[in-house]
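As given, the protein sequences belong to chains E and A, one line each in that order. So the first sequence is numbered by the numbering used here: it starts at 1 and just counts up by one. So the second sequence is numbered by the numbering used here: it starts at 114 and just counts up by one. To start, the structure itself, in structure tokens.
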Amino acid sequence: EAQVTQNPRYLITVTGKKLTVTCSQNMNHEYMSWYRQDPGLGLRQIYYSMNVEVTDKGDVPEGYKVSRKEKRNFPLILESPSPNQTSLYFCASSLTSGSNEQFFGPGTRLTVL
Amino acid sequence: LAKTTQPISMDSYEGQEVNITCSHNNIATNDYITWYQQFPSQGPRFIIQGYKTKVTNEVASLFIPADRKSSTLSLPRVSLSDTAVYYCLVGDIRGGGGKLIFGQGTELSVKP
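Put into structure tokens, the structure is as follows:
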């Protein structure tokens, strides 16, 4: 089944404790992206990647890191999480040819205490 | 980057046609207009995409005027299951435009 998977789905952590949220897709998509969703603010893009080893900042990159060493994986790294990073996070992927359709993962709900 | 503006919320009744308009005054020549649907606690799901004029698929129609500064998503005969948040997105991943800005979304509530 074609899908985007994220792990973990739920995470409660404390300020300053490094964490990684994994994202993987099995559709051979070149483009991958991370978003955060907060009440009243819609979806805001954190980072995106046009292909392996190519990443770039989205609208709200501060406090986050990403890497794209393989085509299928695009982990989101929070080196020193803070409470203002408490949010719902979505990973998405898309082809860079054909439709602009993005396929979204199920989301990761992160709480930073 | 084109910024999109949508109504925050809309109400409708089952069986009615719903039209949600999105403004994108600064749309670039290469940008496409894409609409997504999101249910609570789920990721957004692609509905429809267009560049100009009208596009129709099995679930919706998308109307884009000649100046492309706005677009209208039309949902025919909505049902309770169409209650969701609808997002308009302007951009073109294919053209290397990986930086995307979603609007705040329109929360559609369909009542019996």
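Quick reminder that beta carbons are idealized off the backbone N, C-alpha and C, glycines included.
Separation of residue j from residue i, as counted between CA atoms
{"i": "Thr20 (chain E)", "j": "Gln6 (chain E)", "result": "11 Å"}
{"i": "Ser99 (chain E)", "j": "Arg207 (chain A)", "result": "8 Å"}
{"i": "Ser80 (chain E)", "j": "Lys69 (chain E)", "result": "22 Å"}
{"i": "Thr196 (chain A)", "j": "Thr169 (chain A)", "result": "20 Å"}
{"i": "Ser33 (chain E)", "j": "Phe74 (chain E)", "result": "8 Å"}
{"i": "Met50 (chain E)", "j": "Lys224 (chain A)", "result": "41 Å"}
{"i": "Gly143 (chain A)", "j": "Lys212 (chain A)", "result": "This sequence places Asn at residue 143 (chain A); Gly is not what is there. For Asn143 (chain A) and Lys212 (chain A), the distance between alpha carbons rounds to 14 Å."}
{"i": "Asp38 (chain E)", "j": "Val4 (chain E)", "result": "21 Å"}
{"i": "Asn28 (chain E)", "j": "Leu95 (chain E)", "result": "8 Å"}
{"i": "Cys154 (chain E)", "j": "Cys23 (chain E)", "result": "In this structure chain E extends from 1 to 113, so residue 154 (chain E) is not present and cannot be described."}
{"i": "Thr15 (chain E)", "j": "Pro178 (chain A)", "result": "49 Å"}
{"i": "Tyr199 (chain A)", "j": "Ser93 (chain E)", "result": "19 Å"}
{"i": "Lys71 (chain E)", "j": "Ser97 (chain E)", "result": "15 Å"}
{"i": "Glu30 (chain E)", "j": "Thr55 (chain E)", "result": "11 Å"}
{"i": "Ser192 (chain A)", "j": "Ala141 (chain A)", "result": "35 Å"}
{"i": "Thr185 (chain A)", "j": "Leu88 (chain E)", "result": "28 Å"}
{"i": "Arg190 (chain A)", "j": "Pro120 (chain A)", "result": "20 Å"}
{"i": "Lys18 (chain E)", "j": "Phe103 (chain E)", "result": "27 Å"}
{"i": "Ser67 (chain E)", "j": "Arg9 (chain E)", "result": "20 Å"}
{"i": "Gly156 (chain A)", "j": "Ser183 (chain A)", "result": "25 Å"}
{"i": "Gly11 (chain E)", "j": "Gly210 (chain A)", "result": "What sits at residue 11 (chain E) in the sequence shown is Leu, not Gly. Roughly 32 Å separates the two Cα atoms."}
{"i": "Ala2 (chain E)", "j": "Gly40 (chain E)", "result": "31 Å"}
{"i": "Asn26 (chain E)", "j": "Asp205 (chain A)", "result": "22 Å"}
{"i": "Ser154 (chain A)", "j": "Thr13 (chain E)", "result": "20 Å"}
Spatial neighbours of residue i in its chain, beta-carbon cut-off 8 Å, leaving aside the 5 residues before and after
{"i": "Val60 (chain E)", "result": "Arg36, Arg44, Gln45, Ile46"}
{"i": "Thr117 (chain A)", "result": "Cys135, Ser136, His137, Cys201, Leu202, Val203, Ile214, Phe215, Gly216"}
{"i": "Ser122 (chain A)", "result": "Thr219, Glu220, Leu221, Ser222"}
{"i": "Val91 (chain A)", "result": "The shown model of chain A, from 114 to 225, leaves out residue 91 (chain A), and the question about it has no answer."}
Unbroken beta strand (DSSP E) run spanning residue i, endpoints
{"i": "Leu76 (chain E)", "result": "76 to 78"}
{"i": "Gln151 (chain A)", "result": "145 to 151"}
{"i": "Asn51 (chain E)", "result": "42 to 51"}
{"i": "Met32 (chain E)", "result": "31 to 38"}
{"i": "Tyr199 (chain A)", "result": "197 to 205"}
{"i": "Lys57 (chain E)", "result": "54 to 57"}
{"i": "Thr185 (chain A)", "result": "183 to 188"}
{"i": "Met123 (chain A)", "result": "122 to 126"}
{"i": "Gly16 (chain E)", "result": "Segment: none, Gly16 (chain E) is in no beta strand (DSSP E) and carries neither H nor E."}
{"i": "Glu220 (chain A)", "result": "219 to 224"}
{"i": "Val4 (chain E)", "result": "4 to 7"}
7 Å CB neighbourhood of residue i in its chain, flanking five on each side removed
{"i": "Lys65 (chain E)", "result": "Ile77, Glu79"}
{"i": "Asp180 (chain A)", "result": "none"}
Cβ distance (whole Å) where residue i is taken to contact residue j below 8 Å
{"i": "Ser194 (chain A)", "j": "Asn132 (chain A)", "result": "Contact flag wrong, Cβ pair sits at about 18 Å."}
{"i": "Glu101 (chain E)", "j": "Phe159 (chain A)", "result": "4 Å"}
{"i": "Val52 (chain E)", "j": "Gln85 (chain E)", "result": "Actually they are not in contact, since the Cβ atoms of Val52 (chain E) and Gln85 (chain E) sit about 26 Å apart, beyond 8 Å."}
{"i": "Gly58 (chain E)", "j": "Tyr48 (chain E)", "result": "6 Å"}
Cβ-based neighbour list, residue i, same chain, cut-off 6 Å, excluding 5 preceding and 5 following
{"i": "Gly163 (chain A)", "result": "Ile146, Leu175, Ile177"}
{"i": "Pro83 (chain E)", "result": "Val112"}
Under 8 Å: do the segment 96 to 110 of chain E and the segment 124 to 141 of chain A share three or more Cβ pairs, one atom per stretch?
no
Contact between the segment 149 to 161 of chain A and the segment 118 to 137 of chain A is defined here as three or more beta-carbon pairs at a separation below 8 Å; is this criterion met?
no
With contact counted as at least three CB pairs below 8 Å, one residue from each stretch, are the segment 207 to 222 of chain A and the segment 161 to 175 of chain A in contact?
no
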